[in-house]
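Written out below as structure tokens is the structure these notes cover.
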Amino acid sequence: MSFQFTLQKIMELKEREKNNIQSQYQEAIAKFEIIATELYDMLKRKEELENNAREQVTKGISIYQLQQNQSTLLRLQQEILVQQRSTQLARERMNRKEQDLINMSIEYKKYEKMKQIKLEQFEEEEKRIELLQMDDLSIRLFANR
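Residue numbers for the sequence shown, in my numbering: 17 to 161.
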């Protein structure tokens, strides 16, 4: 007689759900990294623009060029604010997916543990039945002497 776990189909479903959530989590990580890298690049570009503007002011610059630099910095600052919000949303989504993955992994582990316990109980019962059969066989052999 072979071992049949009665909740095997549910366990397989939980495993598929866990794998699905894991792929969603990996996707969320990748999106977060892309968005955060874009934000980093924008901040770096802003810093470079500010440094260039300072150098130009010390060397002497036309008012028109100064206004252009200021306009570019303001526009970039607005883009940075939008990108910071996008980065925050991506981080929150990634954290939610991570929590979902943790919860689903715990749920799957519960089913794995139940299966392990049931398997151990099955093996114990098999040993008990085998010992009873051996005892019965020994009694018959002794009685037939």
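Just so it is clear, CB atoms sit at the ideal spot from N, CA and C, and this is done for glycine as well. On a predicted model such as this, the values are computed, not experimentally measured, just so you know.
Which residue comes first and which comes last in the alpha helix (DSSP H) that contains Thr88? Ile79 to Ala159
Beta-carbon spacing of Ile37, Leu105 below 8 Å: no
Can we say the segment 59-68 touches the segment 149-159, given the rule of at least three CB pairs closer than 8 Å? no
If you check the beta carbons only, do Leu55 and Gln99 fall under 8 Å apart? yes
Within this structure, are the beta carbons of Ala44 and Lys134 separated by less than 8 Å? no
Measuring CB to CB, does Leu23 end up less than 8 Å from Met130? yes
Rounded Cβ spacing between Phe48 and Phe138 (contact assumed at less than 8 Å): Between Phe138 and Phe48 the Cβ distance is about 45 Å, and since that is not below 8 Å, they are no contact.
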